[in-house]
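Asks: Got a structure here, written out as structure tokens. Questions coming.
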Amino acid sequence: MVYTELNSLVINNTSRQEICQIFGETYDPERWNDWRWQMRHRLTKPEHFQRLLRLVPSEQQGLLKSPEKFAIAVTPHFAALLDPEDPFCPLRLQVIPREEELVVNPTDMIDPCGEDHDSVVPGLVHRYPDRVLFLALDSCAAYCRYCTRSRLVSQGEMYPLTRRLDAIVAYLEEHTEVRDVLISGGDPLLMSDEPLDNLLRRLRAIPHIEFIRIGSRIPSFLPQRITPELVAVLRKHRVWLSLHFCHVRELTPETAYACDLLADGGIPLGSQTVLLKNVNDSEESLKQLFHSLLKLRVRPYYLYQCDPVVGTAHLRTSVQTGLDLISKLRGHTTGYAVPTYVIDAPGGGGKVPIQKETLLAYENGAALVRNWEGKTFTYTDPKI
Ligand SMILES: *Cc1c(COP(=O)(O)O)cnc(C)c1O
């Protein structure tokens with residue numbers, strides 16, 4: 108199946124036509140499915156959204172005031188998925204700013220995960236002994252309002268990769284304990300094939316680097332970017348992908364097609380989800396998302412408690428909500444469909460998995476455990 112054939116699956120193209128009209132163009136499936144066209148026609152201005160959505164006052168204010176702190180951008184692909192009438196549309200909440208973004212809570216932070224503190228050279232965070240976080244770009248196809256890296260992303264303050272790469276490679280060559288590189292950003296898949304290929308080739312030339320993965324929201328925001336040529340680059344360098352999805356409505360025919368290209372191309376796929384108030388904080392919503400991801404051969408990897416980033420309190424749930432939700436999944440559905448629920452410990456403690464107590468007591472070699480139904484059992488250690 109090619110992208111143009113996908114359009115026969117789209118029942119209603121009205122919003123696509125409206126989006127093209129904003130830019131004085133008519134809807135043309137071929138152009139629509141070109142990722143560079145999508146990037147050139149991103150919705151970024153209040154008037155773009157006014158034409159497409161029935162905005163509530165909090166969104167109107169957010170659109171006017173937020174750009175000073177954190178850029179606004181939505182790809183035409185994603186904009187066409189927003190419900191024009193429902194301000195609580197789970198996709199709209201993720202990308203349309205609200206006035207609440209300007210609220211500063213005393214415990215909110217600019218850099219909640221303490222990445223800047225663990226930054227060893229510009230754009231490289233070395234926190235865990237054997238793996239590093241490599242910030243490749245400072246831009247994304249669209250901006251998640253709860254972004255944990257809004258301090259960097261879209262601000263245009265990071266030096267271009269070409270000016271930073273030599274220092275990063277030198278650090279990695281010297282640090283033979285690093286066996287795992289997570290390339291994130293910004294969205295690394297916004298790079299063109301050739302620079303991405305060059306970057307991966309330089310990392311692969313370092314003998315002790317065994318494992319390379321890329322964190323990306325491209326299959327949700329800009330699935331047209333996943334081309335057979337890109338898949339060939341990823342396969343050549345044996346890259347894993349950690350994708351980012353928050354709601355089942357992101358899994359459009361285009362996204363399913365992109366995931367198929369990747370999975371058929373031999374790229375292992377994981378997914379990370381941020382727990383968000385009114386977006387996915389129900390058993391039903393998480394189950395639908397995780398089951399649908401498994402159907403696309405994407406393994407839910409982490410469910411994140413939303414980081415306490417300044418201006419995101421309106422999107423955060425309590426930890427109790429997360430604990431309750433994850434215990435409604437564990438044991439109740441396919442183990443592969445249950446991600447690890449983590450808090451990325453504020454202040455740079457790293458990811459800490461949390462779940463309700465399942466080990467009730469462990470004394471004299473006897474472990475008292477509680478199962479998914481709440482029943483208790485004892486496991487006794489071998490006596491040697
Ligand atoms: C998440 C993260 C990693 C990777 O952690 P995994 O548990 O291996 O997925 C590495 N470095 C930093 C700084 C991170 O935040």
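Using this note's numbering, the first residue of the sequence shown is number 108, and each one after it goes up by one. In this text, a Cβ means the ideal position worked out from N, Cα and C, and glycines have one as well. Predicted model, so just to flag it, every value in this text is computed and none were measured.
Within 10 angstroms of the Cβ of proline 267, are there 16 or more other Cβ atoms? Answer buried if so, exposed if not.
Replies: Answer is exposed; the Cβ neighbour count stays below 16.
Asks: Is the closest heavy atom of ligand 1 to the C-beta of valine 232 under 6 Å?
Replies: Yes, the beta carbon of valine 232 sits closer than 6 Å to at least one heavy atom of ligand 1.
Asks: Report yes or no: do the segment 169–185 and the segment 381–395 share at least 3 C-beta pairs separated by less than 8 Å?
Replies: No: the two stretches stay apart, fewer than three of their Cβ pairs being nearer than 8 Å.
Asks: Quick one, which of Asp388, Pro446 and Pro213 has its alpha-carbon nearest cysteine 400's?
Replies: Correcting the residue identity first, residue 400 is leucine in this sequence and not cysteine. Comparing Cα-Cα distances from leucine 400 to each of Asp388, Pro446 and Pro213, the minimum goes to Pro446.
Asks: Work out the CA separation of asparagine 305 and glycine 457 for me, nearest whole Å.
Replies: Straight-line Cα distance between these residues: approximately 30 Å.
Asks: Any contact between the segment 287–305 and the segment 213–224? By contact I mean 3 or more CB pairs, one from each, below 8 Å.
Replies: Short answer: they don't touch.
Asks: Comparing alpha-carbon positions, which option in Phe318, His155, Thr428 and Leu369 lies nearest alanine 187?
Replies: Here the closest residue by C-alpha is His155.
Asks: Does tryptophan 142 come out as helix, strand or coil in the three-state DSSP assignment?
Replies: Three-state result, tryptophan 142: helix.
Asks: Do the CB positions of leucine 279 and isoleucine 319 come within less than 7 Å of each other?
Replies: Cβ atoms of leucine 279 and isoleucine 319: not closer than 7 Å.
Asks: With respect to the beta strand (DSSP E) encompassing arginine 345, which residues constitute its N-terminal and C-terminal limits?
Replies: Where arginine 345 is concerned, there is no enclosing beta strand (DSSP E), given that its DSSP letter is neither H nor E.
Asks: Would you say tyrosine 324 touches ligand 1, meaning its beta carbon is less than 6 Å from a heavy atom?
Replies: Residue 324 is actually arginine in this sequence, not tyrosine. Answer for arginine 324: no, Cβ out of range of ligand 1.
Asks: Could you check whether the Cβ of arginine 252 sits closer than 6 Å to any heavy atom belonging to ligand 1?
Replies: Checking every heavy atom of ligand 1 against the Cβ of arginine 252, none is found closer than 6 Å.
Asks: Have a look at leucine 116 and proline 360 and give me their C-alpha separation to the nearest angstrom.
Replies: Because leucine 116 carries a pLDDT of 47, less than 50, the predicted location of this residue cannot be relied on, and no value is offered for it.
Asks: Distance, Cα to Cα, methionine 146 vs histidine 282?
Replies: Spanning the two alpha carbons is a distance of roughly 37 Å.
Asks: Report the start-end ranges of each alpha helix (DSSP H) in the segment 415–457 that is 4 residues or longer and not cut off at the edges.
Replies: DSSP runs (the alpha helix (DSSP H)) wholly in the segment 415–457: 426–436.
Asks: Quick check: is any heavy atom of ligand 1 less than 6 Å from the C-beta of arginine 238?
Replies: Flag set: Cβ of arginine 238 near ligand 1.
Asks: Would you grab the beta carbon distance between cysteine 353 and glutamine 201 for me? Rounded to a whole angstrom, and I think it's under 8 Å.
Replies: Contact flag correct, Cβ pair sits at about 6 Å.
Asks: So what does DSSP say about histidine 184, is it helix, strand or coil?
Replies: DSSP places histidine 184 in helix when its eight states are reduced to three.
Asks: I want to check one thing, is the minimum distance from the CB of leucine 242 to the heavy atoms of ligand 1 below 6 Å?
Replies: Outside the cutoff, so no.
Asks: Could you tell me if glycine 292 is buried or exposed, where buried requires 16 or more neighbouring beta carbons within 10 angstroms of its beta carbon?
Replies: With 16 or more other Cβ atoms within 10 Å, it is buried.
Asks: Pairs of beta-carbons, one from the segment 338–350 and one from the segment 157–174, closer than 8 Å: are there three or more?
Replies: Counting Cβ pairs under 8 Å, fewer than three are found: no touch.
Asks: Say the cut is 6 Å; is the CB of leucine 348 nearer than that to a heavy atom of ligand 1?
Replies: The answer is no for leucine 348.
Asks: My assumption, with CB atoms under 8 Å, is that phenylalanine 328 sits in contact with threonine 182. Please give the rounded CB distance.
Replies: Yes, phenylalanine 328 and threonine 182 are in contact; Cβ-Cβ is about 5 Å, under 8 Å.
Asks: Within the present structure, is the beta-carbon of alanine 289 separated from the nearest heavy atom of ligand 1 by less than 6 Å?
Replies: Rather than alanine, the amino acid found at residue 289 in this sequence is leucine. Checking every heavy atom of ligand 1 against the Cβ of leucine 289, one is found closer than 6 Å.
Asks: Among Val405, Arg286 and Leu430, which one has its Cα closest to the Cα of glutamate 390?
Replies: Measuring from the Cα of glutamate 390, the nearest candidate turns out to be Leu430.
Asks: Beta-carbon separation of proline 326 and leucine 310 under 7 Å?
Replies: Contact flag unset, no.
Asks: Tyrosine 364 by DSSP, collapsed to three states: which one?
Replies: Looking at tyrosine 364 - three-state DSSP - the assignment turns out to be helix.
Asks: Shortest alpha-carbon distance to tyrosine 444 belongs to which of Leu410, Pro136 and Cys220?
Replies: Residue 444 is actually alanine in this sequence, not tyrosine. Ranking Leu410, Pro136 and Cys220 by Cα distance to alanine 444 puts Leu410 first.
Asks: Give the straight-line distance between the Cα atoms of valine 285 and valine 239, rounded to the nearest whole angstrom.
Replies: Valine 285 and valine 239: Cα-Cα distance of roughly 7 Å.
Asks: Rounded to whole angstroms, what is the Cα-Cα separation between valine 163 and leucine 171?
Replies: Near 13 Å, if we compare the C-alpha coordinates of leucine 171 and valine 163.
Asks: Can you give me the start and stop residues for the beta strand (DSSP E) that glutamate 125 sits inside?
Replies: Premise fails: glutamate 125 lies in the alpha helix (DSSP H), 121–129, not in any beta strand (DSSP E).
Asks: Once you ignore the five residues that flank cysteine 356 on each side, which residues in its own chain have a CB closer than 7 Å to its CB?
Replies: The sequence as given places arginine at residue 356; cysteine does not occur at that position. So the qualifying residues of the chain are Leu188, Pro197 and Leu198.
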